[in-house]
Amino acid sequence: MVFDLRGALLKKAEVESARLDDFEFRLRARTFRLLAERHALDPEPLVGEIATDPDDAILARHPALHGAYAECRALARQLIDERGDPTPYKLA
């Protein structure tokens with residue numbers, strides 16, 4: 002049996018990409034939930050928009066949210082405490 006280094010590196014890249022995409026999606030969802038709560042809006046339609054549009058486009062449609070975006074994004078980063086640091090693991 003031979004160790005397939007190429008296969009292991011490809012698998013690692015897939016796993017890391019999926020993990021980072023998951024973290025980014027959760028961060029965006031939490032950010033827009035916090036924005037909706039801050040402005041007394043229903044969060045479901047706003048959070049649903051993250052599936053189809055980038056943050057800039059969503060904020061352009063909802064200009065009242067733009068001022069609090071950076072603060073809510075910083076608050077949403079508590080995900081790092083809950084789920085761990087999203088930076089890729091290094092191969093030793």
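Residue numbers (the working numbering): 2 to 93. C-beta atoms are modelled at their ideal positions from N, C-alpha and C, and glycine is treated no differently.
Distance, residue j Cα to residue i Cα
i	j	result
R78	R20	16 Å
D82	L60	27 Å
L10	A71	35 Å
G49	E38	15 Å
Reference residue i, options the options, closest by Cα
i	options	result
R31	H63, T88, C73 and R84	C73
L66	H40, E15 and K13	H40
D86	R34, L42 and L28	L28
I51	E15, V3 and D22	D22
Assumed close pair residue i, residue j - CB separation to whole angstroms, cut-off 8 Å
i	j	result
R124	F24	Residue 124 cannot be examined here, being either before or after the span of the chain that is shown, 2 to 93.
L36	A69	6 Å
P44	R34	5 Å
Buried or exposed by the 16-neighbour rule on C-beta atoms within 10 Å, applied to residue i
i	result
F26	exposed
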